[in-house]
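Residue numbers (my numbering): 7 to 329.
We treat Cβ as the ideally placed atom computed from N, Cα and C, and that holds for glycine.
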């Protein structure tokens with residue numbers, strides 16, 4: 007995708023995610039990068055890492071700078087609403103890290119004031135992941151057969167948030183993947199959350215959902231001793247696993263399935279049928295994958311129509327509202 011270097015890009019927030027954004031922008035070849043953060047210590051640390059970035063001392067400098075059209079917002083979700091309102095009033099294009107806002111009410115208010123001069127992208131990075139895109143194509147070809155069950159697990163020890171719970175931080179990723187793969191909004195059937203460190207912020211979450219006849223489980227935690235990022239899809243013909251922790255072969259398809267034979271095959275005296283299990287060969291799916299964040303940033307900077315726009319983000323927050 008062609009890169010546009012004619013205008014500056016700006017990053018609001020010089021913390022963990024802001025640093026990652028700046029590092030990726032530099033890798034992509036962008037040189038005119040402005041940075042603003044109310045924490046001066048963060049700015050000093052960032053300047054040492056990336057000497058070429060331009061430090062801005064006031065947000066107003068960015069708002070009034072017409073050459074800074076594209077703004078990457080890497081601030082806590084609790085701060086985003088007021089910041090985004092200001093950016094929209096100055097016709098800025100906004101890249102907002104997921105989930106964007108702390109509740110669906112905020113995003114509905116933003117939907118009412120956003121205008122045609124502004125594009126707003128919610129940074130659901132997995133929608134730009136080449137493996138997720140490949141899985142979507144596999145499903146569209148019905149290679150697995152009718153999908154019966156999907157399991158998504160996202161666990162690690164930290165990072166632990168203080169302003170949103172584990173669903174807004176981790177489950178939002180998985181909901182974006184489901185929307186990407188199936189083009190349908192899942193319905194929440196049941197859920198269970200555990201509050202271990204803070205009575206108001208959930209650390210572990212188990213959610214059961216449905217998309218038509220597909221049963222879905224999402225199990226996430228930021229209090230887990232090992233790191234897991236795993237998707238399993240069970241079809242009537244084949245099974246698929248996407249394991250991000252397997253760096254060599256993250257995507258596998260297993261040519262195996264299980265089913266009960268038709269009752270017509272048995273006599274009247276036969277009381278219990280035996281499940282038929284087929285185990286064929288499995289195969290690794292190889293693709294040339296580009297880092298997802300690079301794909302995502304280029305989509306924001308160069309695309310007129312944003313895939314993970316405010317309507318997309320609104321769907322996810324409306325689901326999280328129910329858990």
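Residue 127 sits in a strand when the DSSP states are folded into three classes. Within its own chain, the residues whose Cβ lies closer than 8 Å to the Cβ of residue 154, once the five positions on either side in sequence are excluded, are 219, 220, 221, 240, 241 and 242, listed in chain order.
With respect to the C-alpha of residue 76, the residue from 199, 248 and 126 having the closest C-alpha is 126.
DSSP, reduced to helix, strand and coil, places residue 181 within a helical segment of the structure shown.
In the three-state reduction of the DSSP assignment, residue 251 falls in the coil class.
For residue 21, the closest alpha carbon among the candidates 35, 15 and 44 is that of 44. Note on residue 189: under 16 other CB atoms within 10 angstroms of its CB, so exposed under the neighbour-count rule. Annotation for residue 214: 195, 196 and 223 place their beta carbon closer than 6 Å to its own, counting only its chain and skipping 5 residues before and after. Exposure of residue 254 is indicated by the presence of fewer than 16 other C-beta atoms within 10 angstroms of its C-beta. Taking the Cβ atoms as the reference, residue 100 lies roughly 20 Å from residue 132, outside the contact range of under 8 Å. Two segments are said to touch when three or more pairs of C-beta atoms, one from each, lie closer than 8 Å; by this definition the region 156-174 touches the region 198-212.
With respect to residue 15, residue 41 sits apart: the two C-beta atoms are not nearer than 7 Å. When the Cα atoms are used, residue 124 and residue 114 turn out to be separated by approximately 16 Å. The alpha carbon of residue 319 has as its nearest neighbour, out of 49, 105 and 187, the alpha carbon of 105.
Cβ neighbours of residue 164 within its own chain (closer than 7 Å, five residues either side excluded): 228.
Non-local C-beta neighbours of residue 289 in its own chain, meaning closer than 6 Å and more than five positions away in sequence, comprise 259, ordered along the chain. Around the beta carbon of residue 88, a 10 Å sphere encloses fewer than 16 other beta carbons of the protein chains shown; the residue is thus reported as exposed.
In summary, residue 235 is buried, with 16 or more beta-carbon neighbours lying within 10 Å of its beta-carbon over all protein chains present. Contact between the region 132-147 and the region 294-301 is present, with at least three C-beta pairs closer than 8 Å. Using a 10 angstroms sphere on the CB of residue 175, the tally of other CB atoms reaches 16 or more, which defines it as buried. For residue 309, the three-state secondary structure derived from DSSP is coil. The C-alpha of residue 245 is placed about 39 Å away from the C-alpha of residue 81. Setting aside the 5 residues that flank it on each side, residue 24 is surrounded in the same chain by 17 and 80, each with a C-beta closer than 6 Å to its C-beta; the list follows chain order. If you draw a straight line from the Cα of residue 151 to the Cα of residue 93, it comes to about 46 Å.
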